[in-house]
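Note sheet for the following structure.
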Amino acid sequence: MTDQVEHLDCRCQDFRHSIRFDIEDDTGYIYLSTHIDQCYPWYKRLWIALRYVFKRDAINGQYDVTFIKYEDYDRIRDILRRSEIASAAYFSRLREQLAP
Ligand SMILES: [Zn+2]
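With positions in the sequence shown counted from 1, the corresponding number in the numbering used here is that position plus 26.
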């Protein structure tokens, strides 16, 4: 279950480049989500979607970029710290369950 959500805006201020961090409290896992690029015309996006539906990867995949601002470094450290704490607790619980 995802319990913590953080958003990080791109240096260029385009909200489509924002990154969403979903941090699971139970495991500390972090899921990074970005918006799908909409710069192509509709027929190209449809072609990409069809290739995705039929699991035909593009040659280099579909990527977008987010420039992380220096001012956000502390927030990123905090996100990773929270994930580290939750992950350590999760793996500690797993070790206790597996211990004889
Ligand atoms: Zn940007």
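We put the CB at the ideal spot given by N, CA and C, even for glycine.
Since this is a predicted model, take the numbers as computed values, not measurements.
Coarse secondary structure for residue i, derived from DSSP in three states
i	result
residue 33	strand
residue 69	helix
residue 117	helix
residue 46	strand
residue 57	strand
Beta-carbon separation (whole angstroms), residue i vs residue j, contact threshold 8 Å
i	j	result
residue 109	residue 49	6 Å
residue 31	residue 42	At roughly 18 Å, the Cβ-Cβ gap does not stay under 8 Å, so residue 31 and residue 42 are not in contact.
Rounded straight-line distance, which links the Cα of residue j to that of residue i
i	j	result
residue 62	residue 70	13 Å
residue 101	residue 81	35 Å
residue 56	residue 99	16 Å
residue 76	residue 66	14 Å
residue 44	residue 113	25 Å
Minimum Cβ-Cβ distance from residue i to chain B less than 8 Å
i	result
residue 101	Note that chain B does not occur in the displayed structure, where there is just one protein chain.
Task: Exercise answer, beta-carbon shell around ligand 1 heavy atoms below 5 Å - done: Here the list is 36, 38, 40 and 43.
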